[in-house]
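Under the working numbering, the sequence shown is numbered contiguously, ending at residue 518. Glycine included, C-beta positions come from ideal geometry on N, C-alpha and C.
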Amino acid sequence: MVKAVIFDFGGVLAEEGFREGLKVIAENNQLDPEAFFRIAANLIYETGYVTGAAGEAAYLNRLREETGIRESNEMIRDEILKRFVLRLDVIGYVEELRAEGLVTAILSDQTNWLDKLNGKDLFFHHFDHVYNSFRIGKGKQDPSVFADVCLKMGLKPGETVFVDDNIDNVRRAAGEGLNAVLYTELREVKVEIKKYLT
Numbered sequence: 321m322v323k324a325v326i327f328d329f330g331g332v333l334a335e336e337g338f339r340e341g342l343k344v345i346a347e348n349n350q351l352d353p354e355a356f357f358r359i360a361a362n363l364i365y366e367t368g369y370v371t372g373a374a375g376e377a378a379y380l381n382r383l384r385e386e387t388g389i390r391e392s393n394e395m396i397r398d399e400i401l402k403r404f405v406l407r408l409d410v411i412g413y414v415e416e417l418r419a420e421g422l423v424t425a426i427l428s429d430q431t432n433w434l435d436k437l438n439g440k441d442l443f444f445h446h447f448d449h450v451y452n453s454f455r456i457g458k459g460k461q462d463p464s465v466f467a468d469v470c471l472k473m474g475l476k477p478g479e480t481v482f483v484d485d486n487i488d489n490v491r492r493a494a495g496e497g498l499n500a501v502l503y504t505e506l507r508e509v510k511v512e513i514k515k516y517l518t
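Quick look at the structure:
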């Protein structure tokens, strides 16, 4: 029986600000957006920023070195963070699940930026648990993070549903025994989750 639903942040609970912000930065610097995104996404792991092993400055300095972009740390951060717009319909669905007695959680490959976003939009209180790679020292590229989170919640993997817009993360979660759902649009996600609740 499913007891908890775990949500990704960017691309599920909010618009995907990381990708969209990087796209604007790439265009401002006459760079190919897809190539720039791949470099930025790889470096956030390679530098250790996503898992809290390094800070924002170390990551953004490497990004400038690798790509030649000119923006300051503050400008880059602002371009990204302002595009993480909360999806209020999804937050409303989270509250519906809580009203039905389900545990709700966030599992996000975010950095300290997630705390900054919560400081602005105040959404943590909609969730019983918030697991951020920057705080727990492990990201979703490591499949064991899914079992770790279930253990922290005192649940078996099969007692949870995990929702993410990244198919690789969905596959990793499923491989660890979680009921995993790919986010495309809220209506479809509701249908998929309902299958696990009945």
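{"Asked": "Here's the rule: buried if 16 or more other CB atoms are within 10 angstroms of the residue's CB, otherwise exposed. What is residue 487?", "Found": "exposed"}
{"Asked": "Cutting at 6 angstroms between CB atoms, please list the residues of its own chain near residue 349, excluding the five before and the five after it.", "Found": "389"}
{"Asked": "Three or more C-beta pairs under 8 angstroms: does that hold for the stretch 403-418 against the stretch 358-373?", "Found": "no"}
{"Asked": "Which term fits residue 346, buried or exposed, when burial requires 16 or more other beta carbons within 10 angstroms of its beta carbon?", "Found": "buried"}
{"Asked": "Tell me which residues share the same chain as residue 369 and place their Cβ nearer than 6 angstroms to its Cβ, disregarding the 5 neighbours each side in the sequence.", "Found": "379, 431"}
{"Asked": "What separation, rounded to the nearest whole angstrom, lies between the Cα atoms of residue 448 and residue 435?", "Found": "16 angstroms"}
{"Asked": "Going straight from the alpha carbon of residue 468 to that of residue 333, what length do you get?", "Found": "22 angstroms"}
{"Asked": "Could you check what DSSP says for residue 484 in three-state terms: helix, strand or coil?", "Found": "strand"}
{"Asked": "Pull up the distance between the alpha-carbon of residue 341 and that of residue 396, whole angstroms please.", "Found": "8 angstroms"}
{"Asked": "Confirm, please, whether the CB-CB distance from residue 441 to residue 406 is below 7 angstroms.", "Found": "yes"}
{"Asked": "So what does DSSP say about residue 377, is it helix, strand or coil?", "Found": "helix"}
{"Asked": "State the CB to CB distance for the pair residue 438 and residue 444, rounded to an integer number of angstroms; the pair is presumed to be in contact (CB under 8 angstroms).", "Found": "5 angstroms"}
{"Asked": "Determine whether the beta carbon atoms of residue 450 and residue 426 lie at a separation below 7 angstroms.", "Found": "yes"}
{"Asked": "When the Cα atoms are used, what is the spatial distance from residue 480 to residue 323?", "Found": "6 angstroms"}
{"Asked": "Let me check understanding here. Comparing Cα to Cα, which of 408, 470, 401, 353 lies closest to residue 494?", "Found": "470"}
{"Asked": "Could you pull the start and end residues of the beta strand (DSSP E) that residue 443 belongs to?", "Found": "Looking at the DSSP string, residue 443 is not in any beta strand (DSSP E), and its letter there is neither H nor E."}
{"Asked": "For residue 338 and residue 475, what's the separation of their Cα atoms in angstroms?", "Found": "31 angstroms"}
{"Asked": "Look at the Cβ atom of residue 482, then the Cβ atom of residue 506, and state whether they are nearer than 7 angstroms.", "Found": "no"}
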